[in-house]
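The sequence shown begins at 21 in our numbering and counts up one residue at a time. For glycine and all other residues, C-beta sits at the position ideal for the given N, C-alpha and C. Here the structure is a predicted model, which means the values were calculated and not measured. Before any comments, here is the structure.
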Amino acid sequence: MAHEAELKQAISFIKSGQKTEAIAVLKKILKDDRNNEPAWLWLSTCANNDADKKYCLRQALQINPGNEKVKQALAKLEEPEMPTLDDLRPAQAPPAQVAAVAVAPAQPAKKRTSLLAYVLVTVLICLCLFVALNQFGGGTVTGTHTIEYVVEGTARSAMITYTDGSMNMSQATVNLPWRKSFDMKNGALPSLVAQNQGGGVIECKILLDGQAWKESNATNPYGICTNNGMVGQ
21 MAHEAELKQA ISFIKSGQKT EAIAVLKKIL KDDRNNEPAW LWLSTCANND
71 ADKKYCLRQA LQINPGNEKV KQALAKLEEP EMPTLDDLRP AQAPPAQVAA
121 VAVAPAQPAK KRTSLLAYVL VTVLICLCLF VALNQFGGGT VTGTHTIEYV
171 VEGTARSAMI TYTDGSMNMS QATVNLPWRK SFDMKNGALP SLVAQNQGGG
221 VIECKILLDG QAWKESNATN PYGICTNNGM VGQ
């Protein structure tokens, strides 16, 4: 088997608790052979968080779709975590050194959450302006169009936030490709925000009466693409 010696070395590192060294060896194997299923499986055991572990397991499952153990491991990771009695007890302050190690990996997630929140607040402000204009502008909005939201690409899933025909905002994590359509009047403000949930690329589009109207994409893991506009403008 190709890379058998390197794989044995990585396994030895993992069993001895040297995960950093194991990760370096496994990445070297996968750089040369991305279809090496055992390398992806062992790399998943070195992951520091569930998102990285799921990414490795999904890569292994693409190589061998019939691996039931991998399917069960993925299903267990995607189950909502149930609270325990320990969650009801006051948490003890950890030592400063441990706290620093624990906080460091969490910073990118905080940054991603802040960016998504900023985008959603901007969309919400636009919706409020639209409602105010229709209520107090003294005019009647006429003309109806079909708006279709499309999110697709090489990524497996995305978190999607969008407005419907009544300008209500909805959010869901969906498998790709994904489509949804609404009837909207002139002056409506359709909005589509999608956040990549891991590897791959997501492409976001808004179609107006079947024609491409707004387009954007996100190529980075957990990247965000945003499309919005005013119907009839």
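Residue environment, residue i, which counts as buried when at least 16 other CB atoms sit within 10 Å
i	result
V251	buried
K74	buried
E223	buried
N56	buried
V141	exposed
T246	buried
G159	Because G159 sits at a pLDDT of 45, beneath the cut-off of 50, its placement in the model cannot be relied upon, and the following sentence gives the value as read from the coordinates. So G159 ends up on the exposed side.
Q231	exposed
N216	buried
A192	exposed
A238	buried
Residue i versus the options, residue with shortest Cα-Cα distance
i	options	result
D229	T246, N55, K200 and P241	K200
A175	L97, A232, S211 and Q79	Q79
E168	S177, A178 and Y182	Y182
N248	D184, P210, T193 and A67	P210
L27	L46, Q38 and K91	L46
W198	D184, A208, M179 and N188	M179
G185	S177, S36, L61 and T164	T164
I31	A59, K51 and I226	A59
K96	G86, A71 and P85	A71
Y242	L136, N68 and E88	L136
I83	R54, E98, E24 and T239	R54
E98	S177, Q253 and M204	S177
M204	Q253, L94 and S36	Q253
Limits of the unbroken beta strand (DSSP E) element including residue i
i	result
C66	Run containing C66: none; DSSP gives neither H nor E here.
V213	S211 to N216
Y169	T164 to G173
T246	I244 to N248
V194	M189 to N195
N237	Q231 to A238
Beta-carbon gap between residue i and residue j smaller than 8 Å
i	j	result
A42	I49	no
V171	L196	yes
C66	K89	no
I244	K234	no
Assumed close pair residue i, residue j - CB separation to whole angstroms, cut-off 8 Å
i	j	result
S64	L81	That pair is no contact at about 11 Å.
G173	V139	Contact flag wrong, Cβ pair sits at about 18 Å.
M187	A208	7 Å
Bounding residues of the alpha helix (DSSP H) (the contiguous stretch that carries residue i)
i	result
A30	E24 to K35
D203	Run containing D203: none in the alpha helix (DSSP H); it sits in the beta strand (DSSP E), W198 to K205.
E99	Where E99 is concerned, there is no enclosing alpha helix (DSSP H), given that its DSSP letter is neither H nor E.
V45	K39 to D52
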